[in-house]
């Protein structure tokens, strides 16, 4: 009887201590759009990407370690939903609203639909004339476009992939942020005048998405204050220009 009691106490102790140990992690896990120019794989701390740099401005104000993970966009959304990722800095996404605490906005970005110079779009209804539009998988850009089932949308994982398909003629349009498409056109040595002729769909806010399953909910108030202190409408664009300059990225500017 004493042996059984001792075994019970032992397992109870292990359970309780493990619950405490895993109730709060010693760091937050975070992600951003894990493709250029928002994320780069490099040892240079200041050159890890536009969104990474902005996220660091926020994390430095909470005095708590934040590990940035490279995840496909669709995986970011899923990981926030199930709680395996604490937070993400992305365009505001309503598909997981029940699983998220939104903190923001942090910045704004222009959203455009890029087409060839000889195939301009002057109004939204003309999008139906397009063969195919490359869209980042699970990203949201503008309500009407996001919900439009009449358009042929081709899912891609990055702006690099989208622009390559555009270059090959497999899609005749790409939707995305001005910053992201500006970078990719220059990186792939395409005519940036297409940006001036692109269809302006609107502006989209960047928000901090915090999983409501995070193991560190006590940090929400600190994150909210940090975001408030960091917010600037042009922050993403200004960080992009500074990143290109400071990191000597080889682009035709």
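Numbering (this note's numbering), first residue to last: 18 to 270.
Even glycine gets a Cβ: it sits at the ideal position worked out from N, Cα and C.
Between residue 110 and residue 94, the gap from beta carbon to beta carbon is short of 8 Å. By a beta-carbon distance limit of 8 Å, residue 103 contacts residue 45. Their separation comes to about 4 Å.
Here residue 59 is exposed. Its C-beta has fewer than 16 other C-beta atoms within 10 Å. In the structure shown, residue 144 falls within a helical segment according to DSSP collapsed to helix, strand and coil. By the 16-neighbour rule on beta-carbons within 10 angstroms, residue 65 is buried.
Burial check for residue 243: the Cβ neighbour count within 10 Å reaches 16 or more, so the residue is buried. Rounded to whole angstroms, residue 47 and residue 132 show a C-alpha spacing of 33 Å.
Only residues of its own chain outside the window of five on either side were considered, and among them 47, 48, 49, 93, 97, 226 have a CB closer than 7 Å to the CB of residue 105, listed in chain order. Beyond the five residues adjoining it in sequence on each side, residue 239 comes within less than 6 Å, by CB distance, of 79 in the same chain, given in chain order.
Within the DSSP bridge table, the entry for residue 201 names no partner. For residue 118, the enclosing beta strand (DSSP E) has its first and last residue at 117-131. For residue 224 and residue 123, the gap between their C-alpha atoms comes out near 6 Å.
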